[in-house]
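S.K.:
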Amino acid sequence: MDKIIMRRLKHLQRLEENHARDFEDRFGTEASRKDQQRDALNNVISADWNRKQKSAAGGAFGRPLPAGWRKEHWKTQQAMAADYAGVKADNKEEAVRALEGYEAELTLPPAA
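Residue numbering for the sequence shown follows our numbering, starting at 4 and increasing by one per position.
#1: Excluding the five sequence neighbours on either side, which residues of its own chain have a C-beta within less than 7 Å of the C-beta of E92, listed in chain order?
#2: Say whether the segment 63-73 touches the segment 102-110, bearing in mind that this needs 3 or more beta-carbon pairs closer than 8 Å, one atom from each stretch.
#3: In chain order, which continuous runs of the alpha helix (DSSP H) of length 4 or greater are located wholly inside the segment 37-94?
#4: Does DSSP classify T110 as helix, strand or coil?
#5: Give me the Cα-Cα distance between R24 and L12, rounded to the nearest whole angstrom.
#6: Following the continuous alpha helix (DSSP H) through D5, name the residue where it begins and the one where it ends.
#7: With 16 as the cutoff for other CB atoms within 10 Å, does A88 come out buried or exposed?
#8: For E33, which three-state DSSP category applies?
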């Protein structure tokens, strides 16, 4: 009985040591100033590139919805709401509302 308890205690101690070592490896040292500056610059460049890509693509606005979109699976409707209307829907009802709004905007005459 004592051998089992001692084995368990050693095992738990080993787990704690490994966890502590792993935690220190991952989060122990703070990033240097150069690394922080590089990361900030990377974030700015990425944000600029994403903005340019979105503006160049022009979004999906203007494309008609595919025929039979109301009969699609609700997960497909969620993806369509994100692609066409730019809305992240959490359920079928929100996806359908977003797609209906998108469809209504397409049928409106352009503003003068």
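All residues carry an ideal CB built from backbone N, CA and C; glycine is no exception.
A quick note: this is a predicted structure, and the numbers were derived from the prediction, not measured.
M.R.: This is what the structure holds:
#1: Correcting the residue identity first, residue 92 is Ala in this sequence and not Glu. Around A92: Q81, A84, A98 and A101.
#2: Contact holds between the segment 63-73 and the segment 102-110, because three or more Cβ pairs, one in each stretch, are under 8 Å apart.
#3: Qualifying alpha helix (DSSP H) stretches, in chain order: 77-83.
#4: T110 falls in the helix class under three-state DSSP.
#5: Spanning the two alpha carbons is a distance of roughly 18 Å.
#6: Boundaries of the alpha helix (DSSP H) harbouring D5: D5 to F26, taken from the DSSP string.
#7: By the Cβ neighbour-count rule, A88 is buried, with 16 or more other Cβ atoms within 10 Å of its own.
#8: DSSP places E33 in coil when its eight states are reduced to three.
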